[in-house]
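If you're matching them up, the sequences are chains A and B in order.
For what it's worth, numbering that gives the first Met the number 0 labels the leading residue of the first sequence as 0, then goes sequentially.
For what it's worth, numbering that gives the first Met the number 0 labels the leading residue of the second sequence as 0, then goes sequentially.
Built from N, CA and C at the ideal position, the CB exists for glycine as well.
The model shown is predicted, which means the values in this text are computed figures rather than measured ones.
Everything below concerns the one structure shown next.
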Amino acid sequence: MFILFFRAVILYLLVFAVIRLSGKRELTDLQPFDLVFTLLVADLASVPASDSAIPMLYGVVPILALFLLQQAFAYLSLKFEGFRHVVCGRPVVMIAKGIVQERALRESRYTVNDLMEQLRGKDAFEISDVEYAILETNGELSVMLRAGKQTLTFEGASVPVQDAEIPYMLIQDGKVHDDVLRKSGYDKRWLSARLKEAGMKDAGEVLFALLCSGRIHIQAKERAGSKAVILEVCKSK
Amino acid sequence: MKIDFHKASILSFWITVVFLILSFIVPGNYLRGMTAAVIDEAEQTHDALMQGDAEAALEHMQRLSGEFNSKKDKIKLFFNHQELDEMEQAINSSLDLVKMGQGDNLICELNRIISIAKHMETVENWDLSNIA
Chain A
0 MFILFFRAVI LYLLVFAVIR LSGKRELTDL QPFDLVFTLL VADLASVPAS
50 DSAIPMLYGV VPILALFLLQ QAFAYLSLKF EGFRHVVCGR PVVMIAKGIV
100 QERALRESRY TVNDLMEQLR GKDAFEISDV EYAILETNGE LSVMLRAGKQ
150 TLTFEGASVP VQDAEIPYML IQDGKVHDDV LRKSGYDKRW LSARLKEAGM
200 KDAGEVLFAL LCSGRIHIQA KERAGSKAVI LEVCKSK
Chain B
0 MKIDFHKASI LSFWITVVFL ILSFIVPGNY LRGMTAAVID EAEQTHDALM
50 QGDAEAALEH MQRLSGEFNS KKDKIKLFFN HQELDEMEQA INSSLDLVKM
100 GQGDNLICEL NRIISIAKHM ETVENWDLSN IA
C-alpha cells in the first residue's frame, strides 16, 4: 500500500509541476489546446497511480509528451498569428450595432437562447441594450452596452477623482512584509509609529495592516482584542 | 526564493525533450539486450537437451536466470510488470524441471520463455500495429 501512496505522491508532484510550468492560462482562460492538455493529464496520471502493475513511465512519458506539445502550441500561437487562428479560432462578432449576426450565430453553433443566456450573465437582459457582443476564442462573451445603458463613470460625470493606488499588505498574521513596506515607500520606524498610534505594541499583535488610498487599516489579532483602527496617512513620505 | 517561471518553463521544456529522446532509445535497447540474451540461452538449453547433455542444459538455464534477474528490476521501470512476472515464473519452473531432468516439460517451458521474450521485444518496435 505504501508503494501506491508513494507513486501517487510522485505523480501528483509531476502533474503539479507540469501544470504550474504551463502557465496560469490553464486555470483561468482555457484555449482549446489548453483544455485538451488539462483533461488528458489528469487521466494519464490516475492510471499508474492506482495500479502498481503499470510502470510509472507509462504515465510519465505521455504526460511529458503532452507538456511538450502544449508548450509548443502555446509558443507557436504566440509567435504566428496564422497558427493562433487555426488552433484558437478568431473572435466572432455576435451582435454589431445592436443587430444579432445570424451567420455568426450559425457558424458558432449558437442559438438565440444561448446568446441571451450569455448576455444575462453579463447583466444585459435585453438585446436592444447591447451595442456589440463578441464571442472570444476562449468561449467568453464580451459585451459592450449602448452608450445610454453604460455605467456612469467619474470621468463621464466630470467629477475630479484621485488616482487609484495599489493596496499594500504591510503586515499579515503578525509578520511584517519587508519588501511590500519598501515598495510602499515607508520604513519600519514609520510602521511602528503607526502601530503605537493605533494602540498596539508591535507587529506580533496585528492580524493585518493594509495601506490603501492614503489610509492604513490595522486590525489586531483576537488575543489582542480584535480592535480595528483606520488611520489617515500623511501623503508626504 | 524567487523563481523565474519563464526561464524555468524553457529549461523544463528542454529537459523534457532530452528525457523523452532518452526514453525512446535507452529502455528499448536495454530490453532488447535482455530478451536477446534470454532467447539465446533458452535456445542453447534446448540444443543441450536434444543432445542429452543435462549438465550443459542446467548451466545455460542458470545463465539465463542470472541474466534475467540482473536486469529485471530496471526493466520493471518501463515494462508491464505482469509480463515480467510471467517470464520469471517460466524461468523458475524451467530451472526446477532441468534439475529434475523432466526434458519434455522443460521444452514446453523453454518455448514459453522464448515466446514471451519475443513478444516483449515487439512491444518497443516502431510499427503500425503497436501504434494502433
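Please list, in chain order, all residues of the same chain as residue i whose beta carbon is under 7 Å from its beta carbon, the five residues on each side excluded.
i: leucine 10/A; result: Ala44, Pro47, Ala48 and Gly58
i: isoleucine 112/B; result: Val37, Ala41, Met86, Ala89, Ile90 and Ser93
i: leucine 144/A; result: Ala123, Asp128, Val129 and Glu130
i: isoleucine 115/B; result: Glu82, Glu85, Met86 and Ala89
i: leucine 96/B; result: Asn104, Leu105 and Glu108
i: isoleucine 14/B; result: none
i: isoleucine 9/B; result: none
Buried or exposed: residue i, going by 16 or more other Cβ atoms within 10 Å of its Cβ?
i: serine 93/B; result: buried
i: serine 11/B; result: buried
i: glutamine 149/A; result: exposed
i: isoleucine 24/B; result: exposed
i: serine 157/A; result: exposed
i: proline 159/A; result: exposed
i: isoleucine 215/A; result: buried
i: arginine 181/A; result: exposed
i: histidine 59/B; result: buried
i: isoleucine 74/B; result: buried
i: leucine 34/A; result: exposed
i: arginine 6/A; result: buried
i: valine 142/A; result: buried
i: alanine 7/B; result: exposed
Look up residue i in the DSSP assignment and give the residues it is bridged to.
i: lysine 121/A; result: DSSP, once it has assigned bridges, lists no residue as partnering lysine 121/A.
i: valine 91/A; result: Leu134/A
i: glycine 167/A; result: What sits at residue 167/A in the sequence shown is tyrosine, not glycine. Tyrosine 167/A is bridged to Leu210/A.
i: valine 175/A; result: Ile170/A
i: histidine 118/B; result: In DSSP, histidine 118/B forms no bridge with anything.
i: glutamate 231/A; result: Arg214/A
i: alanine 71/A; result: Note: alanine 71/A sits in no beta bridge, so no partner.
i: valine 16/B; result: In DSSP, valine 16/B forms no bridge with anything.
i: serine 141/A; result: Ile133/A
i: isoleucine 99/A; result: Inspection of the sequence shows that residue 99/A is occupied by valine rather than by isoleucine. DSSP lists Ile94/A as partners of valine 99/A.
i: valine 160/A; result: Answer is none; valine 160/A lacks a bridge partner.
i: valine 205/A; result: Ala219/A
Cα-Cα, which of the options is closest to residue i?
i: lysine 117/B; options: Leu127/B, Met86/B and Leu105/B; result: Met86/B
i: glutamine 88/B; options: Met99/B, Ile74/B, Leu109/B and Gly32/B; result: Leu109/B
i: valine 129/A; options: Gly97/A, Glu106/A and Leu151/A; result: Gly97/A
i: alanine 103/A; options: Ala219/A, Pro54/A, Glu135/A and Tyr185/A; result: Glu135/A
i: tyrosine 29/B; options: Leu105/B, Ala7/B, Gly100/B and Glu66/B; result: Glu66/B
i: alanine 53/B; options: Gln61/B, Lys75/B and Gly100/B; result: Gly100/B
i: glutamate 120/B; options: Ile9/B, Lys6/B, Asp39/B and Met33/B; result: Met33/B
i: leucine 68/A; options: Glu80/A, Val86/A and Ala163/A; result: Val86/A
i: glutamine 61/B; options: Lys98/B, Val122/B, Ala7/B and Gly51/B; result: Lys98/B
i: valine 111/A; options: Met93/A, Glu164/A and Lys121/A; result: Met93/A
i: glycine 155/A; options: Asp162/A, Phe1/A and Ala146/A; result: Ala146/A
i: lysine 200/A; options: Gly173/A, Asp178/A and Asp42/A; result: Gly173/A
Identify, in the order they occur along the chain, each residue of the same chain with its Cβ nearer than 8 Å to the Cβ of residue i, setting aside the five sequence neighbours on each side.
i: valine 175/A; result: Leu169, Lys187, Leu190 and Ala202
i: alanine 3/A; result: For the record, residue 3/A in the displayed sequence is leucine; it is not alanine. Taken in chain order, the residues that qualify are Ala48, Ser49 and Ser51.
i: leucine 76/B; result: Pro26
i: glutamate 25/A; result: Because the pLDDT of glutamate 25/A is 47, which lies under 50, any placement of that residue in the model is unreliable, and the question is left without a value.
i: valine 179/A; result: Tyr167, Met168 and Leu169
Are the Cβ atoms of residue i and residue j separated by less than 8 Å?
i: isoleucine 217/A; j: alanine 197/A; result: yes
i: serine 127/A; j: glutamine 70/A; result: no
i: proline 61/A; j: phenylalanine 78/B; result: no
i: leucine 63/B; j: threonine 44/B; result: yes
i: alanine 132/A; j: leucine 118/A; result: yes
i: leucine 65/A; j: valine 40/A; result: yes
i: valine 91/A; j: glutamate 101/A; result: no
i: phenylalanine 82/A; j: phenylalanine 32/A; result: no
i: leucine 56/A; j: serine 22/B; result: yes
i: asparagine 137/A; j: leucine 38/A; result: no
i: cysteine 140/A; j: lysine 121/A; result: A quick correction: the sequence has leucine, not cysteine, at residue 140/A. Result yes, Cβ atoms of leucine 140/A and lysine 121/A sit closer than 8 Å.
i: leucine 77/A; j: valine 99/A; result: no
Excluding the 5 residues flanking residue i on each side, which residues of the same chain have their C-beta closer than 6 Å to its C-beta?
i: alanine 223/A; result: Glu204
i: leucine 210/A; result: Tyr167, Leu169 and Ser183
i: glycine 102/B; result: Leu48
i: cysteine 107/B; result: none
i: lysine 226/A; result: Ala219
i: phenylalanine 153/A; result: Val160
i: tyrosine 88/A; result: Residue identity differs from the one stated: residue 88/A is glycine in this sequence, not tyrosine. Once the five neighbours on either side are set aside, the close Cβ partners of glycine 88/A are Thr136.
i: leucine 206/A; result: Gln218 and Lys220
Could you tell me whether any Cβ in chain C is nearer than 8 Å to the Cβ of residue i?
i: alanine 146/A; result: In summary, chain C is missing from the structure at hand, where the protein chains are A and B.
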